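In full-length UniProt numbering, the protein residues as written are 1 to 73.
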């Protein structure tokens, strides 16, 4: 899968998490990216660590936990 496809897949996973409170809470409670990848896989999204790293590098508000940067909270 190309980087673009991985990035799009991650964006779809994040979009789902924004509409699913349980999934969002599960992501927020993850201790590391491996747990987030496992959560994504359980929901049918084969996201790799590089896609998460690319998304993480776009996150600029480091005063909050990084996963929170995916959400409007």
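Glycine residues also receive a C-beta, built at the ideal position from the N, C-alpha and C atoms.
The model shown is predicted, which means the values in this text are computed figures rather than measured ones.
In the displayed model, residue 48 falls within coil according to three-state DSSP, outside both helix and strand.
With fewer than 16 other Cβ atoms from the protein chains shown falling within 10 Å of its own Cβ, residue 8 counts as exposed. Separation of residue 4 and residue 53 (C-alpha to C-alpha, rounded to the nearest whole angstrom) is 13 Å. Judged by beta-carbon spacing, residue 10 lies beyond the 8 Å limit of residue 17, meaning their Cβ atoms are not closer than that value. Here DSSP, grouped into helix, strand and coil, assigns residue 30 to coil.
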